[in-house]
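Trainee: I'd like to ask some things about the structure below.
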């Protein structure tokens, strides 16, 4: 992590995870017991060569340990200045509430895309209510929504998606894409595609 040691540490927000473990027989599991939480954090600090992790996620919930116990140790790590903020990944709405009651949760990482929308019923509203940020993974539905995309090399000359940011006008055009608003008709079409399994 030489980039972090070359004066860039103050310019980045550093996030990492804990809790995914591999047993001697090669099986994946999850750990959230206090001793593991602390040792995993301290090992990450050493590996990264930093004194504090900005956002520390629990990779998956360890159902053998009450979330309040895991959060209690994470809260201590915040108080000690070893982590700034706590995140969860793939947690239920009730687990989020229980965890948040011990110490505020800053971010929740979840799979969320047009093809994975079950989180919109309970999890997203819970996060909005509690002021928890959402970090979506697989926003293109694990390839479901990307099957029609083209590589930049295959785009025709003049296609705005091919624009590079070496010129200010290209940068302004790329930034302009952020102002695109989908109409209700656009959204209805996307909903129809998602519910039909991606067939238009």
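Residue numbers (the UniProt record's numbering): 1 to 200.
Every residue, glycine too, gets a C-beta built ideally from N, C-alpha and C.
Using DSSP with H/G/I as helix, E/B as strand and the rest coil, what is residue 116?
Mentor: Residue 116 falls in the strand class under three-state DSSP.
Trainee: How far does the beta strand (DSSP E) with residue 54 in it extend, from its first residue to its last?
Mentor: Counting along the chain, the beta strand (DSSP E) containing residue 54 begins and ends at 53 to 58.
Trainee: Using the Cβ count rule (16 or more neighbours within 10 Å means buried), how would you classify residue 171?
Mentor: Classification of residue 171: exposed, given that the 10 Å Cβ count is below 16.
Trainee: For residue 58, count neighbouring C-beta atoms within 10 Å of its own C-beta (all shown protein chains included) and say buried if the count is 16 or more, exposed if not.
Mentor: Under this definition residue 58 is a buried residue.
Trainee: Using the Cβ count rule (16 or more neighbours within 10 Å means buried), how would you classify residue 12?
Mentor: Classification for residue 12: exposed.
Trainee: Decide if residue 119 is buried, meaning its Cβ has at least 16 other Cβ atoms within 10 Å, or exposed.
Mentor: Label assigned to residue 119: buried.
Trainee: Quick one: using the 10 Å Cβ neighbour count with 16 as the cut-off for buried, is residue 200 buried or exposed?
Mentor: Per-residue confidence for residue 200 stands at a pLDDT of 45, beneath the threshold of 50, marking its modelled position as unreliable; the derived number appears in the next sentence. Classification for residue 200: exposed.
Trainee: Would you call residue 186 buried or exposed, if buried means 16 or more other Cβ atoms sit within 10 Å of its Cβ?
Mentor: Exposed is the call here.
Trainee: From what residue to what residue does the beta strand (DSSP E) around residue 173 run?
Mentor: No beta strand (DSSP E) contains residue 173, which is instead part of the alpha helix (DSSP H) from 168 to 176.
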